[in-house]
Structure formats: structure tokens, C-alpha cells
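So in the numbering used here, the last one in the sequence shown is 277, and the numbering has no gaps at all. Below is one structure, written out as C-alpha cells; the observations come after it.
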Amino acid sequence: MPRVEDVHQDNGTQWYEQAETGRDCYLLALATYGKCIYWVDGERNIMERGDVLLIPAHTPYYGKSVPTLTHTKTVVGFTVSSADADALPLLRHERPYKRRLGRYESVHDRIRVLREQWNERPSYYELMAQSILTELLIDISREFDRGLIQTEKQRHVEHMKRHIERNYREKITKEVLGEVIGRTPNYAASLFKEVSGRTISECVHRQRMKRAVYMLNESRLNAAEISEFLGYRDVSYFYRMFKKITGGSPSELLKDRRRDGY
């Protein structure tokens, strides 16, 4: 498996980095907010949320923030064996590879866990980091093998995602999203899964849980009230979905809130 050498997060408006002869390891950068620029082997790459950039080892590059614009990205440095390169053609490409990910949410979730493992260093964190990185590279390689997703398809899915972000408290079905993009319900559902890597239902629940975490931390509402606000009639179901998606319990966040005096 590829071996993780470093994981870190860059952010802000003053970031600058240069490697005139490249690094001794591959670099995988995922932009999660804002915008920054990489010049890699003389080629300009503008990185925005959802963009991934793979820089092969020993490839010259420099990167910088865009003036007055903040950004956030996670960067993973890793080394590979000849067996890894044989298994993943992307690693034999020997050219910088940048693209807007269709399955951004899935990749983002994995790279967040990878960063947490690397920073917190629990038991077996190195093995876990290698496993997560391998999954990431497989996901990206599948998109590399498939080629660029059609622009129209990407546009339709982004339109559906925006509708979910604005209306996550309501019941959102394939019929609803089919109307949003002017296509049949089955086409909307299969397209959403193809491009995002998740079902419509999974995306809705994840959007709700993002809001739930914020409300559990910042509001004075209890779990039952938050559950009802988010559209869950059954509080126990809300608890199960929260545990499945976040790995924690609403009760834990409520205890922290009470401990902080809220």
C-alpha cells in the first residue's frame, strides 16, 4: 500500500510554498474552501472547492494564495512502491493530474478522517492512514480511468445538491429532483449516484447532520426539538442516523454544551 509521510492543512490568505526540484514523495491536495494557485512543472492550476491535484515525486512546483481570498486545503505526502504503480495506472501517469471531483463529498470525508488519524495518532494510526489513502487513490483513479464527467451531468448534479442544501428539512425524493433538473425521476437518481457516489437519501441525511452538529453546539434546543426541526418524526431514528454519519451521539454534544454553560 502507499505509505503516508505527511498530512497537513493549509489555509488563509498568506500561504506560499515552493519546491524547485519537487518533493521526494507524491503530493495529493484537496481544496475544500476558497481558491489558491499551483504552478506545477510550468503549468498553472487554479484550485477551488472540490478540486484535487496529484503532483508526482520530484516534480517542480510552487503554490500561493490568491490575494485577499482565503482558502483551505488538505495535503497528503506519500510514497509508492512499484507494485502500487502497477496496480494504479494513475500513479504511472508521471504528469500532474488535476480535476474537479464528481465524488467530492466521499473523498472529503475520507481525507478528513485521514487527517484526524495522523494528527491524533491513536493505536495503528499508520496502518489506518495507509488504508484510507489507498481508498482515496482508488476513488480518484476510477475517475481518472473514466475520463472527464460530461459538463452537463456535473451541472445537473450541482443543481440538485444546491436544492438539497436549501431544502434539506423537507422530504426530497427523486421525483422532486427530477423536476428540479427537468429530467425523469429515475434519471435524476441514477445520475446523482453516478457523479456524487451517494444516493439522494444519503446526501439529504448528511446535510441534516451537518446542521444538527451546529445546533447541538450553538443552540439551546434539545435533541428532540432539533430532530423535529430537521424533519425527523422519530427521535430514535434521528439518533441512529447521527451515530451512523458522525460516529458520535447527540447526547455527547449536549453534555459538552452543558459543561460550557449553555
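Using N, Cα and C, we set each Cβ at its ideal position, and we do this for glycine too. A quick note: this is a predicted structure, and the numbers were derived from the prediction, not measured.
- Our two residues, I153 and S251, have alpha carbons roughly 35 Å apart in a direct line.
- Within the same chain, Cβ atoms closer than 8 Å to the Cβ of Q29 are found at S80, the five residues on either side in sequence being excluded.
- Put simply, the region 216–228 touches the region 172–184. At least three CB pairs are less than 8 Å apart.
- Annotated three-state conformation of C218 is helix, per DSSP.
- By the beta-carbon neighbour count (other beta carbons within 10 angstroms, threshold 16), S242 is buried.
- Beta-bridge analysis with DSSP links Q24 to T89.
- Under the DSSP assignment, L43 falls in the beta strand (DSSP E) whose first and last residues are 41–55.
- As DSSP reads the structure, Y31 sits in a beta bridge with K79.
- Taking 8 Å as the cut-off, the beta carbon of G92 is found no closer than this to the beta carbon of D25.
- Less than 8 Å divides the Cβ of D99 from the Cβ of L106.
- Setting aside the 5 residues that flank it on each side, G246 is surrounded in the same chain by R184, each with a C-beta closer than 6 Å to its C-beta; the list follows chain order.
- With fewer than three CB-CB distances shorter than 8 Å, the region 119–139 does not count as touching the region 70–77.
- Taken through DSSP and simplified to helix, strand or coil, V67 comes out as strand.
- When the Cα atoms are used, H220 and E63 turn out to be separated by approximately 25 Å.
- Here L68 is buried. Its C-beta has 16 or more other C-beta atoms within 10 Å.
- In the three-state reduction of the DSSP assignment, Y112 falls in the strand class, which pools E and B.
- Beta-bridge annotation (DSSP): R59 is paired with W54.
- Here L148 is actually not in contact with G65; their C-beta atoms are around 19 Å apart, not less than 8 Å.
- K186: not part of any alpha helix (DSSP H); DSSP gives it neither H nor E.
- One thing to note: C40 has its Cβ no nearer than 8 Å to the Cβ of K88.
- One alpha carbon belongs to P265, the other to D124, and they sit about 19 Å apart.
- DSSP places N134 inside the alpha helix (DSSP H), whose first and last residues are 119–135.
- Note on P17: 16 or more other CB atoms within 10 angstroms of its CB, so buried under the neighbour-count rule.
- About 6 Å separates the Cβ atoms of H86 and Y48, confirming a contact at the 8 Å cut-off.
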